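I have placed the structure first, in the form of structure tokens, so that the comments after it can refer back to it.
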Amino acid sequence: MLPTIADILAMPVVRAGEPEIAGGGADLSRDVRWVHVSDVADVATLLTGRELVLTTGQPLAHGAAATSAYLESLAAAGVSGLVVELGSYVAELDRAVAADADRLGLPVIALHRVTRFVEVTEAVHRVIVADQYAELEFAHSVHETFTALSVRRASLEEIVRTAADLLDASVVLEDLAHRVLALTARHASTAALLDNWETTSRMLTEDESVVPVGPHTQRWGRLLLRSPHIPTARARLVLERAAQTLTLHRMIERDRFGLHRQAQTGLLEDMVGGRLGDERDAMARAAALGLARRARYVPLAVHVAALAEPDPVARQRRGAALLDAAGHGLALTKATALSAAEHDRLTLIVAVGRSGDPDDRLGEVCAAVAAEVRRVDGVLRVVIGVGADSESLLDTARELAHAGHVAEVALSLNSAAPRPFYRSGDVRLRGLLSLIRNEPGVQHFAETELGALLRHDIRHRGDLTATLRQFLDLAGNKTELSRRMNISRPTLYDRLSRIERVLGVDLDDGEVRTSLHAALLIRDLAKP
Numbered sequence: 001m002l003p004t005i006a007d008i009l010a011m012p013v014v015r016a017g018e019p020e021i022a023g024g025g026a027d028l029s030r031d032v033r034w035v036h037v038s039d040v041a042d043v044a045t046l047l048t049g050r051e052l053v054l055t056t057g058q059p060l061a062h063g064a065a066a067t068s069a070y071l072e073s074l075a076a077a078g079v080s081g082l083v084v085e086l087g088s089y090v091a092e093l094d095r096a097v098a099a100d101a102d103r104l105g106l107p108v109i110a111l112h113r114v115t116r117f118v119e120v121t122e123a124v125h126r127v128i129v130a131d132q133y134a135e136l137e138f139a140h141s142v143h144e145t146f147t148a149l150s151v152r153r154a155s156l157e158e159i160v161r162t163a164a165d166l167l168d169a170s171v172v173l174e175d176l177a178h179r180v181l182a183l184t185a186r187h188a189s190t191a192a193l194l195d196n197w198e199t200t201s202r203m204l205t206e207d208e209s210v211v212p213v214g215p216h217t218q219r220w221g222r223l224l225l226r227s228p229h230i231p232t233a234r235a236r237l238v239l240e241r242a243a244q245t246l247t248l249h250r251m252i253e254r255d256r257f258g259l260h261r262q263a264q265t266g267l268l269e270d271m272v273g274g275r276l277g278d279e280r281d282a283m284a285r286a287a288a289l290g291l292a293r294r295a296r297y298v299p300l301a302v303h304v305a306a307l308a309e310p311d312p313v314a315r316q317r318r319g320a321a322l323l324d325a326a327g328h329g330l331a332l333t334k335a336t337a338l339s340a341a342e343h344d345r346l347t348l349i350v351a352v353g354r355s356g357d358p359d360d361r362l363g364e365v366c367a368a369v370a371a372e373v374r375r376v377d378g379v380l381r382v383v384i385g386v387g388a389d390s391e392s393l394l395d396t397a398r399e400l401a402h403a404g405h406v407a408e409v410a411l412s413l414n415s416a417a418p419r420p421f422y423r424s425g426d427v428r429l430r431g432l433l434s435l436i437r438n439e440p441g442v443q444h445f446a447e448t449e450l451g452a453l454l455r456h457d458i459r460h461r462g463d464l465t466a467t468l469r470q471f472l473d474l475a476g477n478k479t480e481l482s483r484r485m486n487i488s489r490p491t492l493y494d495r496l497s498r499i500e501r502v503l504g505v506d507l508d509d510g511e512v513r514t515s516l517h518a519a520l521l522i523r524d525l526a527k528p
């Protein structure tokens, strides 16, 4: 920062001259851009503003009228202050000078001892040049920092966080609807920063602390600094450079998910990953992204079976299409949610009303979402897993993994009457086995139970394993099994007898059936 009049008065070289404030002392915080030594009465014509003028007093030695005109010309030129060395031309500064200085708001300082002005100018200019060098260094550092973020395609959150770190102040990125896309709070909580945000934001006009984001003809947001204590020039520099980086980010990400969706994805990741641990802050960020307050929150996982898509760009577009479809389903039911997509899976936190049966409302929302997702090209089947609901957003976020597990298992079910959504109780034994399917002991169990039959089918090109599966699925109902397989009862009995001989078991034993059924489920779940 540039030195002020007060800073210069504190310098040893100036203190040695025994300075005394003769007038205008109420404004010693003026900064000084340069020091000018002159005894010329019309020196003001040579100045451009914010200089400190040093004089031996000659312009003040020609009477009260001339002195007053001299002081007025300096004030009109924007001079920061006047230093007068007493002795050579004036012995003291009278009350008229003090009165003019106070009236003009121009600090006038008297030096009672002879002072080498060259030493004063050297000391002050050294500080000024050092400040200018520091500003250049800061500008260079800011440029390199944001260039590096652009090169590695940093996220919105990281760009905003970097700006906040550089300024040690809160920074908020919002869209044109005043929805918060990303923020970093400093010296305040996120909840306090976002309290009544839309109203606060709408009242802010573009100045040094508010910078538009986007090409000049296609503005899509604003970057806002929420601190009154940052140097204006530095704040503007950082915000403008951050805005340029965000604009480039948007151009690069044009074919990816919208910024509002990216913000929702970032919030979900922060909550699930434990990086956001304050409920009020989480709720404030979620509300700024459109999630209803004062509701019960339900974690949903939407999994789809879809045609294989080897092209990563096409998979990315399918993810965007799934999010679009889910958003349309939510809009049809007037529900609000946070959502994120990853390939053929969606993660949502949906707000439902506190009154009435939440399952009724949830069934309506899930049915609409599933119906819209099925319309996406390539989607063959849709299931929705649900975790435990809560009035706490953070608790709900922690249930998203469980909802994903339920959806994964539900997708492996072959149900003739699919449900609008599935809970843990709906996936039963299959759900339990899916949790331990990769354990070596579990895999060994399945191989021990079924290995002989699988090898028999391979050697004889048979399908006894399929017969066993249908027999167990029908709980041993041989009449129904014969009808479904369209074979005679004797033929069926012969097949079941061969299965018993190959495996060395009795299919009328309930525990045997349970073990074999569990082994078949493990085998199903182990398939890629």
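Residues in the sequence shown are numbered consecutively from 1, following full-length UniProt numbering. Just so you know, even glycine gets a beta-carbon here, dropped at the ideal spot from N, CA and C. For clarity, every value in this text was computed on a predicted model and none was experimentally measured.
Please report the straight-line C-alpha distance between residue i and residue j, rounded to a whole angstrom.
i: F257; j: L411; result: With a pLDDT of 49 at F257, under the threshold of 50, the modelled position of this residue cannot be trusted; read the value that follows with caution. Approximately 26 angstroms between the Cα atoms of the pair.
i: L322; j: A341; result: 8 angstroms
i: R234; j: A287; result: 31 angstroms
i: E500; j: D524; result: 21 angstroms
i: H517; j: L468; result: 9 angstroms
i: V298; j: T265; result: 16 angstroms
i: E144; j: G387; result: 45 angstroms
i: G498; j: L507; result: One detail in the question is off: residue 498 reads as Arg in this sequence, not Gly. If I take the Cα positions, the gap works out to 11 angstroms.
i: F138; j: E174; result: 26 angstroms
i: L183; j: L204; result: 17 angstroms
i: L104; j: L46; result: 20 angstroms
i: L71; j: D7; result: 22 angstroms
i: A403; j: A301; result: 5 angstroms
i: A519; j: S189; result: 53 angstroms
i: A164; j: A99; result: 46 angstroms
i: L169; j: L111; result: The sequence given here places Ala at residue 169; Leu does not occur at that position. Distance between the alpha carbons of A169 and L111 is about 41 angstroms.
i: H460; j: L453; result: 11 angstroms
i: Y133; j: A335; result: 55 angstroms
i: L239; j: S150; result: 15 angstroms
i: T121; j: P228; result: 32 angstroms
i: L267; j: L413; result: 32 angstroms
With a CB to CB cut of under 7 angstroms and the five nearest residues on each side skipped, what residues in its chain are close to residue i?
i: A368; result: G329, L332 and T333
i: R50; result: D31, V32, R33, G78 and S80
i: V505; result: V512
i: L237; result: A139 and V142
i: A305; result: L380, R381 and L411
Leaving out five residues before and five after residue i in sequence, what residues of the same chain have Cβ atoms less than 6 angstroms from its Cβ?
i: G81; result: I5, L52 and P107
i: P3; result: V32 and V127
i: A123; result: M11 and V13
i: H260; result: none
What is the residue span of the beta strand (DSSP E) that residue i lies within?
i: E51; result: E51 to T55
i: S339; result: T336 to E342
i: A22; result: P19 to G23
i: I159; result: First-last for I159: L156 to L167, but that is the alpha helix (DSSP H), not the beta strand (DSSP E).
i: T184; result: V180 to T184
i: E174; result: S170 to D175
Have a look at the options and flag the residue whose alpha-carbon is nearest the alpha-carbon of residue i.
i: T48; options: G23, L74 and P12; result: L74
i: N196; options: R293, R250, R236 and H125; result: R293
i: L380; options: V350, H303 and R398; result: H303
i: D509; options: G476, R296 and V171; result: G476
i: L338; options: V373, G290, A308 and R317; result: G290
i: E18; options: V84, R50, S38 and D42; result: V84
i: R345; options: S68, A326 and E122; result: A326
i: E198; options: S209, A188, H36 and L176; result: L176
i: D494; options: A191, L464 and L28; result: L464
i: P440; options: I522, D7 and L394; result: I522
i: R318; options: R219, V376 and D102; result: V376
i: L9; options: M1, L28 and G24; result: L28
i: Q58; options: A452, A371, V40 and C366; result: V40
i: L167; options: L224, E364 and A154; result: L224
Between which two residues does the alpha helix (DSSP H) harbouring residue i extend?
i: A5; result: Note on residue identity: the sequence assigns Ile, not Ala, to residue 5. I5 to L9 is the extent of the alpha helix (DSSP H) around I5.
i: E135; result: F117 to V151
i: D360; result: P358 to R374
i: R469; result: L464 to D473
i: I349; result: That residue, I349, is in no alpha helix (DSSP H); its beta strand (DSSP E) goes R345 to V352.
i: R280; result: E279 to A288
i: A397; result: L393 to R398
Using C-beta distances below 8 angstroms, list every residue in its chain close to residue i, excluding the 5 sequence neighbours before and after it, in chain order.
i: F146; result: I159, T162, R241, A242, Q244 and T245
i: G462; result: H456
i: A115; result: Sequence check: residue 115 is Thr here, not Ala. Here the set comprises V13, V14, A16, G17 and E85.
i: L394; result: M271, L276, G277, E279 and A282
i: Q470; result: L481, R484 and M485
Runs of alpha helix (DSSP H) wholly within the segment 26-109 (minimum 4 residues, chain order): Runs found: 64-76 and 95-104.
What are the uninterrupted segments assigned as alpha helix (DSSP H) that are 4 or more residues long and contained completely in the segment 197-269, given in chain order? Counting only runs of 4 or more, we get 197-202 and 232-252.
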